[in-house]
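Letter by letter, the sequence shown follows residues 0 to 937 in numbering that gives the first Met the number 0. Here a beta-carbon is modelled for each residue, glycine too, at the ideal position from N, C-alpha and C.
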Amino acid sequence: MQKIYLWLLACCLSVAANAQKNGVIKGTVADTSAGRPVASATITLLLQKDSSLVSFTMTNEKGYFEITNVPAGEYRLLITHVKYHSLQRRVTISAATPVASFPSLILHDLSIHLNEVEITGEAPPVTLVGDTIQYNAGSFKTPPNSNVEQLLKKLPGVQVEKNGTVKAQGQKVNRVLVDGKEFFGNDPKMATKNLPADAIDKVQVYDRLSDAAQLTGFDDGNSEKTINLKLKQDKKKGMFGKAMAGAGTRDRYEGRFNINSFKGARQLSAIGMANNTNAEGFSFMDMMNFSGELNQLRQSGSGNASFTMSSDDAAAAFMSNGSGNGINTVWGGGLNYNNIIGKKTEFTSSYFYNHYNPQQESDTRRQYFLPDSSYFYNQHAASNNLNNTHRLNLGADIRIDSLHSVKISSSLGYQENRNNNNSTYETLSEDQQLANEGFSNNYSTGHGSNLRNDILFRKKFQHKGRTFSLALQNSANKSESNGSLLSVNHFYNRAASQPGYDSIHQRNTISGNMNSYTARAVYTEPLFKHSLLEFSIGNSYTKTTSDKTTWDYNGSNGKFDQLNPVLTNNFENTYRYTNAGIRLRTKQKNFSLAAGLNWQDASLEGTIIAGKKDSVIRQTFYNLLPSLRFQYDFTRYRNLSINYAAITNQPDMTQLQPVPDISDPLNIREGNPDLKPELTHAVQLNFISVNPFRNKNLFAFFNIRETQNKIVNDDVVDSLGIKRSRPVNVNGVFNMSGSISLGLPLRALKGTVNFSSNVGYSKTKQFINKAANGISTVSLGPAMRFDLNPADKLDLSFNAGINYYNTTYSLQPALNSGYFMQQYEGEVNWQLPANFYISTSFNYVVNSRRTEGFNAKVPLWNASVSRQFLRFNRGELKLSAFDILNENVGINRSTNQNYIEDSRVRNLQRFFLLSFTYSLSKNGLSSAAMPGIRMIRR
0 MQKIYLWLLA CCLSVAANAQ KNGVIKGTVA DTSAGRPVAS ATITLLLQKD
50 SSLVSFTMTN EKGYFEITNV PAGEYRLLIT HVKYHSLQRR VTISAATPVA
100 SFPSLILHDL SIHLNEVEIT GEAPPVTLVG DTIQYNAGSF KTPPNSNVEQ
150 LLKKLPGVQV EKNGTVKAQG QKVNRVLVDG KEFFGNDPKM ATKNLPADAI
200 DKVQVYDRLS DAAQLTGFDD GNSEKTINLK LKQDKKKGMF GKAMAGAGTR
250 DRYEGRFNIN SFKGARQLSA IGMANNTNAE GFSFMDMMNF SGELNQLRQS
300 GSGNASFTMS SDDAAAAFMS NGSGNGINTV WGGGLNYNNI IGKKTEFTSS
350 YFYNHYNPQQ ESDTRRQYFL PDSSYFYNQH AASNNLNNTH RLNLGADIRI
400 DSLHSVKISS SLGYQENRNN NNSTYETLSE DQQLANEGFS NNYSTGHGSN
450 LRNDILFRKK FQHKGRTFSL ALQNSANKSE SNGSLLSVNH FYNRAASQPG
500 YDSIHQRNTI SGNMNSYTAR AVYTEPLFKH SLLEFSIGNS YTKTTSDKTT
550 WDYNGSNGKF DQLNPVLTNN FENTYRYTNA GIRLRTKQKN FSLAAGLNWQ
600 DASLEGTIIA GKKDSVIRQT FYNLLPSLRF QYDFTRYRNL SINYAAITNQ
650 PDMTQLQPVP DISDPLNIRE GNPDLKPELT HAVQLNFISV NPFRNKNLFA
700 FFNIRETQNK IVNDDVVDSL GIKRSRPVNV NGVFNMSGSI SLGLPLRALK
750 GTVNFSSNVG YSKTKQFINK AANGISTVSL GPAMRFDLNP ADKLDLSFNA
800 GINYYNTTYS LQPALNSGYF MQQYEGEVNW QLPANFYIST SFNYVVNSRR
850 TEGFNAKVPL WNASVSRQFL RFNRGELKLS AFDILNENVG INRSTNQNYI
900 EDSRVRNLQR FFLLSFTYSL SKNGLSSAAM PGIRMIRR
């Protein structure tokens, strides 16, 4: 132990001695007008020999700056500001002159024409413009033929997850704009996956206020993290883009193109893709499911601070670079057109079509709980589904005059689908005795459409801070489907009077409709210089209908003409609410506060006609929904925010409809018309500390929510092993999640290291055979990531993480579950002579303490070699190898229900692909980095 202490002391003394050897550069920046200090000027220190970045900072309100810990050497000092001409000075730090002082650095106003003053067009890698962090794309090197996503991975404080989700300063990016305008609607992946990195000049990250909040400039709690991609000047005046085509082994193919023609405010883009390699290009949207649209309508009219407390929607992941579950075939293409019509109307439009064909084969093993025992369920399933989707978005922002404006947004979608699912299964008792076995073939075809319109009228009064806005929204969804079900089951553990075999052979038709509208008016009145009162009132009406008819097979004539009255019904549901609220909003120098109270009167009415029996549901709910949003700014780059909101969530149509769903004959689901809405009290705590100049950041997030009338499952299992589930309301459901991330520079290795960890706790309740089962889950996941640039043409990244999950059950403590998942990953990008490039990545996942047969170790190794050629390096020939070890498989475990489930999914495995890419730009397929300041992480 003493040796360790001595070693640590020696390290500290070494660091202190090294710090004493380094120098300091300081000075004061002023302008030509009476020598007034220039605040917020960016001071960038570059190596004289290659212009690589050493450090940078900003001047304070007195124009003073200081850069410490500068090693001996020759440098260039670059001073920039958006209102002044840039200036640079040479600096030498040595043992003899460890301090360089510039008492008066004079900047000249941009309006002044300079003849002899030194001017440079170089831009610093990172700077701050107001509340926007701006990255100079040319300072961050990316491999040839990179898209915007690969550029974002290089930016300090920006993370890109495996499913393509982008996070900036620890928060999810919900919108990506191109020169301030939408690009194919609100799907961020359309821009990040399809636009080339070498077309981007600046990347701006900021919190975009809602359309209504932009009227007052006060955040109403509905702001969203946004990235704006500013194009290079030469891309705004002509055409640019790329096209790629490739073919490989095992009948794999991949092709894509993007063509862009920009001129001033006019933006015209065309994109297309086709592949069966799980290459991602957009997010999938299920139009046949109304629940997402219903939640969006309810949130938009609530008037409360809306922040997401749940995990990301799995459907948004869609695919994940060849390692995702199943094998997917994708075709897609569309047009995006934006322009200014006249002088007062900003017009946006886009159309996109996609053909999505996921195929999946899986094995599942479950252990179900009973009050005094347990049983097992094994299933092998295969699915081959098909979705064809059309999406059209139109928008117009009309400035009537300086005080009045109208924004109109419309979206129209149409989808056709075909679902084909086959499964074989068996149920075994606790002592592994066969209870039943069978197979199920489920086939359906359908189509659906949705139409949504939003109109926002905004008015400013002459008195600053006094505003009025009126938001109107309507939505209409419609779907129709036809299905067939064939299932045969063999029961072993049965009474003598019960049959040994049971079969289902039937067809059904289902139609559904949803129509809704929401109206909300907001009036703000200034109280003081930095405060205002907000008054709001809203009304919403939603009507959903579902009509299901089921016909059994008639063996006497071979037709499906026997009406099944138990599985035939008509269901109509009406949900309406009226709310009114008041909120105080204030924004002071170091903090902002918004506190309010919303009153809501909601009613739910439903009519069910099943066979000859009619039933009516009528429920009325009154709620007072408080909200609070507080943010304290310690500095420009460090803040703490606390959000609280009371949120209601209504049960959807499938949860209310009291008709059995027998698509899985051994797991039958039925709705409950007596369900009450959920009421959740949610608290979110965020701490952000960013130093964009020294590439240091700290993010901490903690979410807590408690739900009353939580909708959970009530399961009943009979002696034949058939489980019937019905949703019920319970109290005492609690969730907590948190994450912390610390990013630091590694000067010696020319890179960065990021330490992170997530923690979670959930407490819920399920029912099995009328007995309550309390389920508690604890999760912990530390991780570490290194991003290194040891040489100009070599880029390395390594990361490692471990996730631990522990679930306890009050009903069966002996079945408490604890398991691990470890993940290790490395990536190398290397530029060789003669325009050759090598890239390789290795991902190793270790699953342990799971059911036998599911403790898989999955190594996934991808590699590629490419060469650029043709004039301006416009062409690239690339040979890629995916899953070289042929070990790719998907493993998953779920423990938060009345069972423990392990699943294994067959994934896309080893194949090779030869591809050719051609660039329309004279810059060819070169990396995004441009001459000037080159970002080297320190």
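Please work out which residues of its chain come closer than 6 Å, Cβ to Cβ, to residue i, disregarding the five sequence neighbours upstream and downstream, and give them in chain order.
{"i": "F911", "result": "G247, T248 and A880"}
{"i": "N384", "result": "P357 and N418"}
{"i": "F559", "result": "R506, W550 and Y552"}
{"i": "N420", "result": "S382 and N441"}
{"i": "N757", "result": "S738 and G780"}
{"i": "E826", "result": "S796 and S840"}
{"i": "E345", "result": "I339 and D396"}
{"i": "R937", "result": "Because the pLDDT at R937 is just 32, under 50, the model does not fix this residue reliably, and the point stays unresolved."}
{"i": "P36", "result": "A29, K61 and G62"}
{"i": "I454", "result": "I407 and L471"}
What residue range does the alpha helix (DSSP H) around residue i cover?
{"i": "N324", "result": "No alpha helix (DSSP H) contains N324, which DSSP labels as neither H nor E."}
{"i": "E886", "result": "First-last for E886: undefined, no H or E at that position."}
{"i": "P187", "result": "P187 to N193"}
{"i": "L150", "result": "V147 to L151"}
Assuming residue i and residue j are in contact, meaning their beta carbons sit under 8 Å apart, how far apart are those beta carbons, in whole angstroms?
{"i": "F698", "j": "I710", "result": "Contact doesn't hold; Cβ gap of about 32 Å is too wide."}
{"i": "P676", "j": "A601", "result": "7 Å"}
{"i": "V716", "j": "L369", "result": "7 Å"}
{"i": "G511", "j": "N481", "result": "Rounded, the Cβ-Cβ distance is 13 Å, inconsistent with contact."}
{"i": "Q172", "j": "P155", "result": "In the sequence under discussion, the amino acid at residue 172 is Val, which differs from the Gln named in the question. With 8 Å as the limit, V172 and P155 do not qualify as a contact, their Cβ atoms being about 15 Å apart."}
For residue i, decide whether its Cβ has a neighbour in chain D, counting only Cβ atoms nearer than 9 Å.
{"i": "G245", "result": "Structure shown: chain D not included; a single protein chain is present."}
Taking the alpha carbon of residue i as the reference point, which residue from the options has its own alpha carbon closest?
{"i": "Y636", "options": "T56, G34 and D49", "result": "T56"}
{"i": "N708", "options": "K695, D673 and R723", "result": "D673"}
{"i": "S941", "options": "S591, F534 and P357", "result": "Because the chain is modelled from 0 through 937, residue 941 falls outside the range shown and cannot be assessed."}
{"i": "T577", "options": "L531, A518 and Q561", "result": "A518"}
{"i": "S736", "options": "V729, L745, N696 and G780", "result": "G780"}
{"i": "P659", "options": "R174, K201, P97 and S724", "result": "S724"}
{"i": "A833", "options": "S865, Y818, S918 and T839", "result": "S865"}
{"i": "G817", "options": "D901, L745, G800 and S863", "result": "D901"}
{"i": "N977", "options": "L795, F819, K231 and F375", "result": "Only positions 0 to 937 of the chain appear in this structure, which leaves residue 977 out of reach."}
{"i": "S678", "options": "V147, Q599 and V752", "result": "Note that residue 678 corresponds to Leu in the displayed sequence, not to Ser. Answer by Cα proximity: Q599."}
{"i": "S591", "options": "N338, F629 and D362", "result": "F629"}
{"i": "G800", "options": "G874, Y843, N768 and W829", "result": "Y843"}
{"i": "T41", "options": "E345, V125, T96 and T541", "result": "V125"}
{"i": "P650", "options": "V732, N563, N690 and E604", "result": "E604"}
{"i": "T131", "options": "L208, P195 and I105", "result": "L208"}
{"i": "D200", "options": "G34, A136 and F261", "result": "A136"}
{"i": "T67", "options": "G22, S138 and H84", "result": "G22"}
{"i": "K695", "options": "I667, T43, Q654 and G742", "result": "G742"}
{"i": "G447", "options": "R584, N416, N734 and K463", "result": "N416"}
From what residue to what residue does the beta strand (DSSP E) around residue i run?
{"i": "T751", "result": "G750 to I767"}
{"i": "H462", "result": "No beta strand (DSSP E) holds H462; DSSP gives it neither H nor E."}
{"i": "F139", "result": "Element bounds for F139: n/a, residue is neither H nor E."}
{"i": "G825", "result": "S816 to L831"}
{"i": "K406", "result": "H403 to L427"}
{"i": "T56", "result": "L52 to M57"}
{"i": "T577", "result": "N568 to K586"}
{"i": "R746", "result": "Run containing R746: none; DSSP gives neither H nor E here."}
Might you give, ordered along the chain, the residues of its own chain that have their beta carbon closer than 7 Å to the beta carbon of residue i, omitting 5 neighbours on each side?
{"i": "S299", "result": "Confidence in S299 is poor, its pLDDT being 38 and thus under 50, which makes the residue's placement unreliable; the coordinate value appears in the next sentence. Excluding positions up to five away in sequence, the list reads Q472 and T517."}
{"i": "I935", "result": "Low per-residue confidence applies at I935: pLDDT is 34, beneath 50, and the placement is therefore not dependable, though the value from the model is reported in the following sentence. Answer for I935: S51, L52, K749 and N788, listed in chain order."}
{"i": "F239", "result": "A198, N259, L919 and S920"}
{"i": "D794", "result": "N788 and N828"}
Counting pairs of Cβ atoms below 8 Å between the region 425–437 and the region 403–413, do you hit three or more?
Result no; under three Cβ-Cβ pairs closer than 8 Å.
Kindly confirm or deny that the region 341–361 and the region 172–190 touch, where touching means at least three C-beta pairs closer than 8 Å.
yes
Cβ contact check for the region 438–452 and the region 486–502: 3 or more pairs under 8 Å:
yes
At least three beta-carbon pairs within less than 8 Å, the region 808–817 to the region 766–774:
A contact exists between the region 808–817 and the region 766–774.
Does the pairing of the region 566–573 with the region 515–529 give three or more beta-carbon distances under 8 Å?
Judged by Cβ distances under 8 Å, the region 566–573 makes no contact with the region 515–529, as fewer than three pairs qualify.
Check whether the region 912–921 touches the region 833–846, counting contact only when three or more Cβ pairs, one atom from each stretch, lie closer than 8 Å.
no
Is the number of C-beta pairs between the region 863–877 and the region 221–239 that are closer than 8 Å three or more?
no
So, do the region 67–82 and the region 152–169 have three or more beta carbon pairs nearer to each other than 8 Å?
Touching, no, given that fewer than three Cβ pairs across the two stretches are closer than 8 Å.
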